[in-house]
Amino acid sequence: DTGVSQNPRHKITKRGQNVTFRCDPISEHNRLYWYRQTLGQGPEFLTYFQNEAQLEKSRLLSDRFSAERPKGSFSTLEIQRTEQGDSAMYLCASSLAGNSPLHFGNGTRLTVT
Amino acid sequence: GQQVMQIPQYQHVQEGEDFTTYCNSSTTLSNIQWYKQRPGGHPVFLIQLVKSGEVKKQKRLTFQFGEAKKNSSLHITATQTTDVGTYFCAGTGANNLFFGTGTRLTVIP
């Protein structure tokens, strides 16, 4: 079990630039989640996939955010035209279907200057 | 929308004292999960409660799910410095997991 892998670990970008993060879940897990966490807060749900289908997207997520999981394995999260308010830790988690526990990656810390 | 609140937000205890964090949901939950996040780390799953009134124990940790399935608690007996971190409850919504605001525990040796 190699765990959930996220790349890059850190990303510093200038406001207005696009960024893309990658998540490789645990291989047998068919659910994949993206969360955002800011300092002192709990993880905030962004979106989740069941295999390659994106089943739910938070209403808090603006149109600048898009996520894909094209083959039901790894996933990417893209943020277009980044803003300073996007600075946060972006966490990916995977699980077996249903209400199974989530296994989190180490996250990608985004800093928008 | 679904909200899961936790109290207290912070707790400082002397090593050996007990600690409790409470979790309250605005809606009935199908189940609740608890996670621990060490400083600089990512959330790690501790336990899941499914049944109304369920109580589970893991060594010094006791987890409880309320009768109405809208609240839960985590109690740690005789805290140790290894218990330091933020404890989150997470409730299952329609198809995803909503995390509480967390309780940050500091243990003073």
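Top line first, the protein sequences correspond to chains A and B.
Mapping the first sequence onto our numbering, position 76 (from 1) lands on 576, and the numbers just tick up by one.
Mapping the second sequence onto our numbering, position 72 (from 1) lands on 159, and the numbers just tick up by one.
Glycine included, each C-beta is placed from N, C-alpha and C at the ideal position.
Only a predicted model underlies this, so the values are computations on that prediction, with no experimental measurement involved.
- DSSP state of T115/B mapped onto helix, strand, coil: Within the second sequence, the letter at position 28 stands for residue 115/B. Note: T115/B maps to coil in three-state DSSP.
- Query: Does any C-beta atom of chain B lie closer than 8 angstroms to the C-beta of G516/A?
  - Reply: As a first step, residue 516/A must be located in the first sequence, where it is residue number 16. Not one beta carbon of chain B lies nearer than 8 angstroms to the beta carbon of G516/A.
- Message: Quick check: N606/A and H129/B, are their CB atoms within less than 8 angstroms of each other?
- Response: By 1-based counting over the first sequence, the position of residue 606/A is 106. By 1-based counting over the second sequence, the position of residue 129/B is 42. In this structure, the beta-carbon distance from N606/A to H129/B falls below 8 angstroms.
- Message: Please tell me whether E528/A has its Cβ less than 8 angstroms away from any Cβ of chain B.
- Response: Within the first sequence, the letter at position 28 stands for residue 528/A. Answer no: the Cβ-Cβ gap between E528/A and chain B never drops below 8 angstroms.
- Message: Taking CB distances under 8 angstroms as the criterion, tell me whether P196/B reaches chain A.
- Response: The count along the second sequence starts at 1 and reaches residue 196/B at position 109. No, no contact with chain A.
- Residues near T164/B by beta carbon distance below 6 angstroms, same chain, minus five either side: Position 77 of the second sequence, counted from the first residue, corresponds to residue 164/B. Excluding residues within five positions, the ones whose Cβ falls inside 6 angstroms are D105 and R147.
- Message: I'd like to check one pair, R564/A with Q580/A: are the Cβ atoms closer than 8 angstroms?
- Response: The sequence position of residue 580/A within the first sequence is 80, counting from 1. The sequence position of residue 564/A within the first sequence is 64, counting from 1. Yes, the Cβ-Cβ distance between Q580/A and R564/A is below 8 angstroms.
- Query: Are any of the Cβ atoms in chain A nearer than 8 angstroms to that of P95/B?
  - Reply: As a first step, residue 95/B is located in the second sequence; it is residue number 8 there, counting from the start. Not one chain A Cβ lies under 8 angstroms of P95/B.
- Message: Any heavy atom of the ligand GTP inside 7 angstroms of the beta-carbon of T582/A?
- Response: This structure simply doesn't include the ligand GTP, nor any ligand for that matter.
- Quick one: what does DSSP say W101/B is sitting in, helix, strand or coil? Walking along the second sequence from the start, residue 101/B turns up at place 14. The question names Trp, but residue 101/B in the sequence shown is Gln. Three-state DSSP puts Q101/B in a strand.
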